[in-house]
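All residue numbers for the sequence shown refer to my numbering, where the first residue is 139 and numbers rise by one.
Glycine included, each C-beta is placed from N, C-alpha and C at the ideal position.
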Amino acid sequence: MAAIRKLNQKLDGFRLFAGIECDILRDGSLDFDDDVLSELDFVVASIHSVFNLSEADMTRRIIRAIGNPFVTILAHPTGRLLLKREPYVVDLPAVLDAAAETGTWIELNAAPKRLDLDWRWWSRAKEKGVKCVINPDAHRTERLQDLWFGVGIARKGWLTKDDVMNCLPLEKIESELKRKREG
Ligand SMILES: [Zn+2]
Numbered sequence: 139m140a141a142i143r144k145l146n147q148k149l150d151g152f153r154l155f156a157g158i159e160c161d162i163l164r165d166g167s168l169d170f171d172d173d174v175l176s177e178l179d180f181v182v183a184s185i186h187s188v189f190n191l192s193e194a195d196m197t198r199r200i201i202r203a204i205g206n207p208f209v210t211i212l213a214h215p216t217g218r219l220l221l222k223r224e225p226y227v228v229d230l231p232a233v234l235d236a237a238a239e240t241g242t243w244i245e246l247n248a249a250p251k252r253l254d255l256d257w258r259w260w261s262r263a264k265e266k267g268v269k270c271v272i273n274p275d276a277h278r279t280e281r282l283q284d285l286w287f288g289v290g291i292a293r294k295g296w297l298t299k300d301d302v303m304n305c306l307p308l309e310k311i312e313s314e315l316k317r318k319r320e321g
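And the structure:
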């Protein structure tokens, strides 16, 4: 975070945001304290373990996590890996309602093995006023281009640039990133 802040003072013409992907633990708590999360510009929360909860427990877990004011984005909301792992069982309409209520953005994970949230859900999310953010989930710079798969899937789900936070200009993204945490 300190290095990014320093760079932002030095760089001209673009801005780096400090963010993290934070684990949603079994009970819906997060693996960083609010003290740390509040220092970041954005927080992506997601599930990477304990996939076998009941639908009720999984739904409660996710809704508790996105109730945290520092969680900006719920990432890969069903955990599916195409041709490899089924989505975990979760009440997606309830999650979308909670996202709308808390002002949490939902990720369209653009990695070809995920494409999660699936295109079929986006018109429903849009109807509820949930914002989409397209992320490449890139673990290496070469994979940043996966973003384009996400753009295609967003279009397939009838989203337009008004629904996708990536499309906002810099001043707007700065204020939108603060909106939820500042209530
Ligand atoms: Zn992840």
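| query | result |
| --- | --- |
| For tryptophan 257 and leucine 221, what's the separation of their Cα atoms in angstroms? | 17 Å |
| Pick helix, strand or coil for arginine 223, following the three-state DSSP scheme. | strand |
| Any residue with its C-beta under 7 Å from a non-hydrogen atom of ligand 1 counts. Can you list them all in chain order? | Glu159, Ser184, His186, Ala213, His214, Asp275 |
| With a threshold of 16 other CB atoms inside 10 Å of the CB of tryptophan 286, please say whether the residue is buried or exposed. | exposed |
| Our contact map puts aspartate 169 next to leucine 163 with C-beta atoms below 8 Å; I'd like the distance itself, whole angstroms only. | 6 Å |
| Unbroken alpha helix (DSSP H) runs of length 4 or more, entirely within the stretch 180–245: which are they? | 193–204, 230–240 |
| Give me, in chain order, the residues of the same chain whose beta-carbon lies closer than 6 Å to that of cysteine 305; leave out the 5 immediate sequence neighbours on both sides. | Lys299 |
| DSSP has glycine 321 in a bridge; who is on the other side? | Answer is none; glycine 321 lacks a bridge partner. |
| Quick check: the Cα distance between leucine 154 and aspartate 235, rounded to an integer number of angstroms? | 31 Å |
| Taking C-alpha atoms, which residue in Thr240, Arg293, Val228, Ala232 lies nearest to tryptophan 260? | Arg293 |
| State the beta-bridge partners of asparagine 247 as determined by DSSP. | Asp254, Asn273 |
| Go through its chain and collect everything with a Cβ distance to threonine 240's Cβ below 7 Å, but skip five positions before and after it. | Ile204, Gly205, Lys318 |
| So what does glycine 157 bridge to, in DSSP terms? | Phe180 |
| Using C-beta distances below 6 Å, list every residue in its chain close to alanine 232, excluding the 5 sequence neighbours before and after it, in chain order. | Thr197 |
| Taking the alpha helix (DSSP H) that asparagine 146 belongs to, which residues open and close that run? | 140–148 |
| Near lysine 251, what residues of its chain come up, given a Cβ to Cβ distance below 6 Å and the 5 sequence neighbours on each side ignored? | Leu219, Leu220 |
| Kindly give me the distance between the Cβ atoms of isoleucine 158 and valine 182, rounded to whole angstroms, as I take these residues to be in contact under 8 Å. | 7 Å |
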